[in-house]
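Structure, as structure tokens:
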Ligand code: SF4
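Residue numbers (my numbering), protein chains in the order written: chain A, -15 to 144; chain B, -14 to 404.
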């Protein structure tokens, strides 16, 4: 599987209150959550994001609350993948469990700039920066997590 | 190689003799928790997956605390969804308005967590129960839906940081100051993926409420869990609340830690975290001057009886500074009742504060005290992210009940000693 899109780049410690402010947590509607995604730090995000686009950030992405609404909002906005230096652990789990692709890659997070076009190949774990003509290699998921993803999410693994 | 306290609890719940950091395990759980924000997502996922039965109706807890008493129609619909599910599945521990409290104050109070148990919750501050020597950690709603159905969860065994606490806190220094100091020291991702294990003779000087506050904010350093050894203080708290068998675990002498920090409790000062990260800490006495509009005393971090007593001690016979709104939120019905009987409400109301029903309310910018653009609040809560208590351009300063109460009187951030 591959995704290609333009990059929205943010800094370190992007927290779940920024990804989806708590004032909108009185719904579980995916499209409605997406419509408020990132609005407290980037009002333009939701206007400009297109299917396939990629989010890039620094350390500790998704820190804060356990709200699954955060990866849901990002995914429903059209973002195909989040690349960061590191992820907060609950966000990491939630992303996998809800099927939002995430990649930990220090080099890519440093070198990719806002607005770059990138192509992510999930099977081989390669990120191509089409704007800068660079390639970054990442770690594939551990087999255990790949199994959850292959099943189509955590709950599918226990369905009859 | 020896195991940490957290690793021992995980090994026991995975049916293994030993585990090591990085290992992926499947473990049985003793309690699964969700609230009115996260449970609806879990319930929808549970039903979408065609699941039918709950693994154990006595080991699931749903607490309606975030937007309750319901702040709007959507919140009411969310609670209704969970209420109906709880009713259909005959969930024993469903707590609604009238019985509920802020979940992480409520579960220990009701004896739903015991030392050595493994608790997962769809709320990041589930790590609070480490105060009782349990392994507890926050997850998302899908993880919790799986936990509710299977009674199991997958975990990656964490490595650990060890915090050796020495000495005795002075004056107005409390558990809140200890944990703010530590987060200031190691940063908001200083313990990412790891356990924070607290040990040392200084622990004897920390009340169980102080320990709840400290474990509660382990997540603010990125930790998977925070955990305290079990001692007389723990046993006294769980005695009379927990009537089932439990096992007390302690770290091996040769357990390995990624780093060891020594904290001299006697050297700590009242501490405040400036916006917009809990790691932006200052000792209050040397912090920049900050005038405030609101004070919130409550939450799963500092809404317990001892917190309210301290705030009342500071506010007794004094008046809140004109122009400052002060909201006191006892964390559970039981705490509310005891605070009332002790006469603490008289002190708060005479000072010019309001006392609310138990709720998360303003802590997450939900209701009951939202900030306008440019306003500043001192709160005994645990997060001061952008927009956490209201407008994206409002500010939250995190502090102890003593500092919050003193600041309410002064109108700016200060300590009781400086009043
Ligand atoms: S009081 Fe605040 S931090 Fe605690 S559970 Fe409620 S919203 Fe979360």
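Just so it is clear, CB atoms sit at the ideal spot from N, CA and C, and this is done for glycine as well.
The alpha-carbon separation between residue 114 of chain A and residue 99 of chain A amounts to approximately 11 Å.
With respect to the C-alpha of residue 255 of chain B, the residue from B:218, B:154, B:379 and B:150 having the closest C-alpha is B:154. In this structure, DSSP gives residue 13 of chain B an extended state, which the three-state scheme calls strand.
Of all residues in the segment 5 to 29 of chain B, only 9, 22, 23, 25, 26 and 29 come within less than 8 Å of chain A when Cβ atoms are compared, listed by chain position. Within the same chain, 48, 80, 85 and 317 come within 7 Å of residue 91 of chain B by CB-CB distance, once the 5 residues on both sides are set aside. Within the segment 173 to 202 of chain B, the complete beta strand (DSSP E) runs of at least 3 residues fall at 180 to 184. Taking C-beta atoms as the reference points, residue 363 of chain B and residue 373 of chain B fail to come closer than 8 Å. Under DSSP, residue 118 of chain A shares a beta bridge with A:113.
Judged by DSSP secondary structure, residue 293 of chain B falls within the alpha helix (DSSP H) whose first and last residues are 290 to 300.
Scanning A:106, A:83 and A:29 for the CA closest to the CA of residue -7 of chain A turns up A:29. Assigned with DSSP and collapsed to three states, residue 13 of chain A falls in coil, not helix or strand. Here the alpha carbon of residue 259 of chain B sits roughly 8 Å from the alpha carbon of residue 267 of chain B. Residue ranges of uninterrupted alpha helix (DSSP H) with 4 or more members, entirely inside the segment 323 to 373 of chain B and ordered along the chain, are 329 to 336.
Here residue 238 of chain B really is in contact with residue -13 of chain B; their C-beta atoms are around 6 Å apart, less than 8 Å.
In this structure, residue 132 of chain A sits near residue 80 of chain A, with a CB-CB distance shorter than 8 Å. Contact of residue 72 of chain A with chain B by beta-carbon distance below 8 Å involves 174, 177 and 207. Here residue -5 of chain A is near residue 41 of chain A, since their CB atoms are less than 8 Å apart. Separation of the CB atoms of residue 65 of chain A and residue 33 of chain A is rounded to 13 Å, and the pair is thereby denied contact status at 8 Å. The continuous alpha helix (DSSP H) containing residue 69 of chain B extends over residues 58 to 73.
The DSSP-derived three-state label of residue 33 of chain B is helix. Chain-ordered, the chain B residues with CB closer than 7 Å to the CB of residue 139 of chain A read 30, 34, 127, 130 and 131. Rounded to whole angstroms, the Cβ separation of residue 301 of chain B and residue 320 of chain B is 19 Å, and the two are not in contact under 8 Å. Chain-ordered, the chain A residues with CB closer than 7 Å to the CB of residue 60 of chain B read 10. Between the C-alpha atoms of residue 133 of chain B and residue 306 of chain B there is a straight-line separation of about 48 Å. Residue contact check for residue 136 of chain B against chain A: no CB pair falls below 8 Å.
Proximity to residue 280 of chain B across B:383, B:115, B:264 and B:116 peaks at B:383, based on C-alpha coordinates.
Residues of chain B with a Cβ closer than 8 Å to the Cβ of residue 52 of chain A are, in chain order, 23, 26, 107, 125, 126 and 127.
Under the DSSP assignment, residue 132 of chain B falls in the alpha helix (DSSP H) whose first and last residues are 126 to 135. Scanning B:347, B:395, B:272 and B:385 for the CA closest to the CA of residue 56 of chain B turns up B:347.
Taking 8 Å as the threshold, the shortest C-beta distance from residue 5 of chain A to chain B falls below it.
Under a criterion of Cβ atoms nearer than 7 Å, the residues of chain A adjacent to residue 370 of chain B are, in order, -1, 1, 2 and 48.
In the assembly as shown, residue 44 of chain A is a buried residue. Its beta-carbon has 16 or more other beta-carbons within 10 Å.
Among the CB atoms of chain B, none fall inside 8 Å of the CB of residue 67 of chain A.
Against residue 113 of chain A, chain B offers no close residue; the least beta-carbon distance is about 26 Å (beta-carbon pairs closer than 7 Å). In the pairwise beta carbon analysis, the segment 245 to 255 of chain B is classified as touching the segment 155 to 163 of chain B: at least three pairs are separated by under 8 Å.
Three or more beta-carbon pairs separated by less than 8 Å link the segment -3 to 17 of chain A to the segment 51 to 61 of chain A, which places the two stretches in contact.
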